[in-house]
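Visitor: Below: one structure in C-alpha cells.
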Amino acid sequence: MKLSRAISCLFSINSCSMTPTKRPLKNLIIRQYVKELHTYHIRDESYSGPVQQRLLSLLLKQPTRCQCLQIHSQFITTGLHQCKIDNTGMMIWNMLLREYSLDNFPEEALELYKQMKETLASSYSSSLADSFTYSFLLKACASSHQPIKGNQVHAHIFKVGFGFHLYVQTALVNMYSICGCLGEAKRVFYEMPERNSVSWNSMITGLTNWGELNMAQALFDDMPNRTVVSWTVMIDGYTRMNRPLESLIYFCKMLVEDGIKPNEITILAIFPAISNLGLLEFCQSIHAYSEKNGFMASEIRITNSLIDAYAKCGCIESAFRVFEEVSTERRSLVSWTSIISVFAMHGMAEEAVKWFEEMEKIGLRPNRITFLGVLNACSHGGLVNEGLKFFYKMVSEYGVVPDIKHYGCLIDMLGRAGRLDEAEKMVLKVPKDVINVVVWRILLGACSFHGNVDMGERVMRKILEMERGYGGDYVLLSNIFSSVGRYEDAERVRRLMDERNAFKIPGLSLI
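Structure below.
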C-alpha cells in the first residue's frame, strides 16, 4: 500500500504547475518518496523504469547543480543506474551530462560519463550512447581545459563509430579550439565530409580567440554561407585585438555586401571599436538602430555600452540621457558604475560622488570597479577627504580587498593634493604581494610636481631596486634637481641614464 501511495503521489506532481515559491516543497516531497521507493526497489525492480524516468524528468525541468547532484546520488545509491537502459533512460543520462557540462561542472560530467560507460557495458547497451552524449562530454572537456582527456574521448568516439558525425565533429572542433589545440581543430575541420554554419563559426571563433586573425579572415572569405554569427565573430575578434578600424570595416561590409542586419551581440561587439575611434555620429546611428529594433528594452548590456561609448566620444549629455531613460529597477550595477566612471572621466567629481551615493541609497552594493570609478573622480577632482572615506568604506563596510589600481588612485590623490608624507605612508602600507613599481612612479611624479627633493631621491632608490631600465624615472629625478637649482646633480642623473641605456618612450604626433 505504501509503495502504491508513493508512486501515485510521485506521478501526480506536475512541475509545470508548481510556482517558484512551491518548488522547494516539491523537491522535499520527491526526496521523501525516493527514500520509500528505494526500499521497495530492492524487492521489486519492475517499478524502476517508470519511477526513475518520472523522478528525473521532474527534477530536470529547472535543474540546479544541487538538484543534479541529488539526482546523481539517488541514481547510484538506489541502484537505478544498474538497471537495463532503454532509449528513455539514455535520454536521462544525456540530460544529466548536459546540465553538468553547460553549468560549468565539467568534473561531475566526466565522472558521470565514467559511471555511464560501466552501466552501458554491464547492460550490453553501449549502442544507445548517441551524438548528444559525446557532444556534451566534449563540452565538459572544453570547460575544464582538458585537451588530453578530450583526445581520449576523441579516440573513443572513433571506436564507437561517431568519428564522422557532423554534430560530434563540430563539438570536437570547438573543444580543441577552446583548449588552444588549433592544429587538431583544423585537422578535424578539414576532415569533415560536410560542414554547416556552426562548424565554420566554431573554427573561425577558435582562430580569433587565439589571435590568429589572418587565418580566420582567410577561412571567413572561403565560407559559403556567412551568417550574422560569422560576421559578429570577425568583428569581435578585431575589436579584442585592438584593431578597431578593421572591426568597423567588417561591420559596414556585413551591411553592404551581405545585407545582414546586426543583432544584439553584433552591436555589443562593435561598441568598443566606436569608443576607441571616437565616432560620435556612428554611435548615434547605432543608438537609433538599437532603439528601433527594441534592443535597448531587452538587453541592458547595450544600454551600458552606449553610456560608455557616448562618454568616450566626448558626449557626456547623451551618456547621461541614456542612463536617465533606464528605470531604476532595470539599472544594473554596471549601469551605475558606467555613469560614475563617465563623470570621473570628464572631471565631474561631485556628480560622480552624488550618483555613487544614490546607488547606495537603493541598496545596490558597489564592487571593486565601482569604487575605482569614484576614487578616480575624487583624485582628479581634488576631493581628498571624500576619497579617503570611500577607500576605507570599501574595505571595512563592503569587504572589498583593494588592488594595485585602488592604491594607485589613493596615492595619486594624496600626491596631487601635496600630502606627500601621507602618500608615502600609503605606499608603504601596500601589501608586498600587490605592490609594483607603478605606485612608486606615481609618488615620484608627485615629488617632481611639488619639488620635494629629499623624498624624490628616496623614492628613486626604491624604483631602482625594482627596475633600472625606464628613462622616464631618471628624467623626473633630473627635473626635481633642476627645479631647486641643483644642476650638477641633474646632469649626473642624465649621464647615469645614458650609461645604463635606460629608454624613454618618445611622444607621438599626428601632425
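Taking the UniProt record's numbering, I'd label the letters of the sequence shown as residues 1 to 511. Every residue, glycine too, gets a C-beta built ideally from N, C-alpha and C.
Leaving aside the five residues before and after VAL430 along the sequence, list all residues of the same chain whose C-beta is less than 8 angstroms from its C-beta, in chain order.
Guide: ILE404, TYR407, VAL439
Visitor: When you compare the segment 195 to 215 with the segment 152 to 165, are there three or more beta-carbon pairs, one atom per stretch, that lie closer than 8 angstroms?
Guide: no
Visitor: For the alpha helix (DSSP H) that contains GLU336, what are its first and last residues?
Guide: Note that residue 336 is Trp in the sequence shown here, rather than Glu. Run containing TRP336: 333 to 345, per the alpha helix (DSSP H) assignment.
Visitor: Is the segment 273 to 284 close to the segment 307 to 314, with three or more CB pairs under 8 angstroms?
Guide: Taking a contact to require three or more Cβ pairs closer than 8 angstroms, the segment 273 to 284 and the segment 307 to 314 qualify as touching.
Visitor: Taking ILE411 as the reference, which of ASP236, ILE435, VAL400 has the closest Cα?
Guide: ILE435
Visitor: Should LEU255 go down as buried or exposed, given a rule of 16 or more other Cβ atoms within 10 Å for buried?
Guide: exposed
Visitor: If you reduce the DSSP assignment to three classes, tell me which class TYR398 lands in.
Guide: coil
Visitor: Which whole-angstrom value describes the C-beta separation of GLY373 and THR337, a residue pair presumed to lie in contact below a C-beta threshold of 8 angstroms?
Guide: 6 angstroms
Visitor: Distance check for ILE249 and PHE282, CA to CA, integer angstroms please.
Guide: Taking the straight line joining both Cα atoms gives about 12 angstroms.
Visitor: For TYR113, which residues does DSSP report across the bridge?
Guide: Paired residue(s): none; TYR113 is not in a bridge.
Visitor: Span of the alpha helix (DSSP H) holding ILE369?
Guide: First-last of the alpha helix (DSSP H) with ILE369: 368 to 381.
Visitor: Please name the residue, chosen from GLU111, TYR134, PRO244, SER341, that lies closest to PHE320 on a Cα-to-Cα basis.
Guide: SER341
Visitor: Distance, Cα to Cα, LYS432 vs ASN501?
Guide: The alpha-carbon separation between LYS432 and ASN501 amounts to approximately 29 angstroms.
Visitor: With distances taken from CA atoms, which of SER131, GLY180, CYS179 is nearest residue 563?
Guide: With the chain covering 1 to 511 only, the question about residue 563 has no answer from this structure.
Visitor: Could you check where the alpha helix (DSSP H) with CYS179 kicks off and where it finishes?
Guide: CYS179 -> no alpha helix (DSSP H), and no H or E assigned at all.
Visitor: Whole-angstrom Cβ separation of GLY206 and MET241, contact assumed at under 8 angstroms?
Guide: At roughly 14 angstroms, the Cβ-Cβ gap does not stay under 8 angstroms, so GLY206 and MET241 are not in contact.
Visitor: Given a cut-off of 9 angstroms, decide if HIS450 and GLY485 are closer than it, judged by their beta-carbon atoms.
Guide: no
Visitor: Span of the alpha helix (DSSP H) holding TYR250?
Guide: 244 to 256
Visitor: Find the nearest neighbour of ARG368 within the set GLU397, GLU351, ASN94, CYS179, judged by alpha-carbon distance.
Guide: GLU397
Visitor: Is it right to say TYR238 is buried, meaning 16 or more other beta carbons lie within 10 angstroms of its own, or is it exposed?
Guide: With 16 or more other Cβ atoms within 10 Å, it is buried.
Visitor: Note down, in chain order, each residue of its chain lying with its Cβ closer than 6 angstroms to the Cβ of ASN27, except the 5 sequence neighbours on either side.
Guide: Note that ASN27 has pLDDT 45, beneath the 50 cutoff, so the model's placement of it is unreliable and no number is given.
Visitor: DSSP state of TRP210, grouped into three classes?
Guide: Reduced to three states, the DSSP call for TRP210 is coil.
Visitor: On a CA-only basis, which of GLY180, PHE323, HIS287 is nearest GLY150? Give me that one, please.
Guide: GLY180
Visitor: Helix, strand or coil for ASP421, going by three-state DSSP, please let me know.
Guide: helix
Visitor: What's the C-alpha gap between GLU499 and VAL459?
Guide: 21 angstroms
Visitor: Should CYS252 be labelled buried (16 or more other beta-carbon atoms within 10 Å of its own) or exposed?
Guide: Around the beta carbon of CYS252, fewer than 16 other beta carbons lie within 10 angstroms, which makes this residue exposed.
Visitor: Determine the closest residue to TYR176 out of SER305, HIS154, MET192, with distance taken between C-alpha atoms.
Guide: HIS154
Visitor: Just tell me which of GLU264, ASN479, PRO272, ASP489 has its CA closest to the CA of GLY294.
Guide: GLU264
Visitor: For ARG441 and ILE463, which I take to be in contact (beta-carbon distance under 8 angstroms), what is that distance rounded to the nearest angstrom?
Guide: 7 angstroms
Visitor: Comparing alpha-carbon positions, which option in GLN146, LEU112, SER144 lies nearest THR133?
Guide: LEU112
Visitor: With respect to the alpha helix (DSSP H) encompassing ILE324, which residues constitute its N-terminal and C-terminal limits?
Guide: One point to set straight first is that residue 324 is Glu, not Ile, in the sequence displayed. That run of the alpha helix (DSSP H) goes 316 to 325.
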